[in-house]
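A quick write-up on the structure given underneath.
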Amino acid sequence: LIGEILSQGTTCVNQLFSAESRIQESVFSSDHMYNIAKRTTTLAKGYTGGGSDELETLFLYLRAGYYAEFYNDNISFIEWVTPAVKESVDAFVNNANFYENSDRHGKVLSEVIITMDSAGLQHAYLPQVTQWLTRWNDQYAQHWYMRNAVNGVFTILFGGQWNEQFVQVIGNQTDLAKALGDFALRASSIGAEDEFMAANAGRELGRLTKYTGNASSVV
1 LIGEILSQGT TCVNQLFSAE SRIQESVFSS DHMYNIAKRT TTLAKGYTGG
51 GSDELETLFL YLRAGYYAEF YNDNISFIEW VTPAVKESVD AFVNNANFYE
101 NSDRHGKVLS EVIITMDSAG LQHAYLPQVT QWLTRWNDQY AQHWYMRNAV
151 NGVFTILFGG QWNEQFVQVI GNQTDLAKAL GDFALRASSI GAEDEFMAAN
201 AGRELGRLTK YTGNASSVV
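In UniProt numbering, the protein residues as written are 1 to 219.
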């Protein structure tokens, strides 16, 4: 299956989101998810930056799998699937090129960030969410795929409200609250390509007030 997925690329994988139930059940078995996560981990560790069609395709497959599990009652992953997926995300996050700035990198990064949310791992990557908000600048904002990718951190913060592990820790993320506030007030974003991201930062900053903890005092 890995070879077939890589040879067909993202166009083929995207079709799996709307595929018939029986096809999804065959393609997104726990064994397939586990094996592809392991292959993704290996590739992510060796990622040299500049984008990777293989990594983009494999992370897209993994998040498509969680999409199928959510909507298809006949798909339910065994408990060891998500740890394997987390290992693949960790490998990319820990790669020296994680914060690279280029459109080709952004295409891969987008799939990784969406996978964090799709796999229910919002709580595990709050340091990286904070870092992206802190690092964001006009150079990143010039690239459409970087804007698209990093905008995904707001989806992580939104989706986390249904993740109990996230809810337990988000209230004390004072650094995150400050980063959201600073991002929302970026003067250079006014009228710029990343203005929508500043608006999203303000929205998620406001959402922090619903959680118990120190972070709301920063808002």
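Virtual Cβ for every residue (Gly too), placed ideally from N, Cα, C. These figures come from a predicted structure and were not determined experimentally.
Classify Phe98 as helix, strand or coil using the three-state DSSP reduction. coil
CB-CB length for Asp117 against Gly171, believed under 8 Å: 19 Å between Cβ atoms; not a contact.
CB contact flag (Ser110, Ala149, <7 Å): yes
Helix, strand or coil for Gly181 per DSSP? Assignment of Gly181 by DSSP, reduced to helix, strand and coil, places it in the helix class.
Do the CB positions of Leu126 and Gln173 come within less than 7 Å of each other? yes
When the Cα atoms are used, what is the spatial distance from Ser26 to Asp73? 14 Å
Between Tyr34 and Val81, what straight-line distance do the alpha-carbon atoms span, to the nearest angstrom? 5 Å
Proximity below 7 Å, CB of Gly51 to CB of Val108: yes
Using DSSP with H/G/I as helix, E/B as strand and the rest coil, what is His32? helix
Using a 10 Å radius around the Cβ and a threshold of 16 neighbouring Cβ atoms, would you call Gly3 buried or exposed? exposed
How long is the line joining the alpha carbons of Asp103 and Phe166, rounded to whole angstroms? 30 Å
7 Å Cβ cutoff met for Phe28 and Ile75: With respect to Ile75, Phe28 sits close: the two C-beta atoms are nearer than 7 Å.
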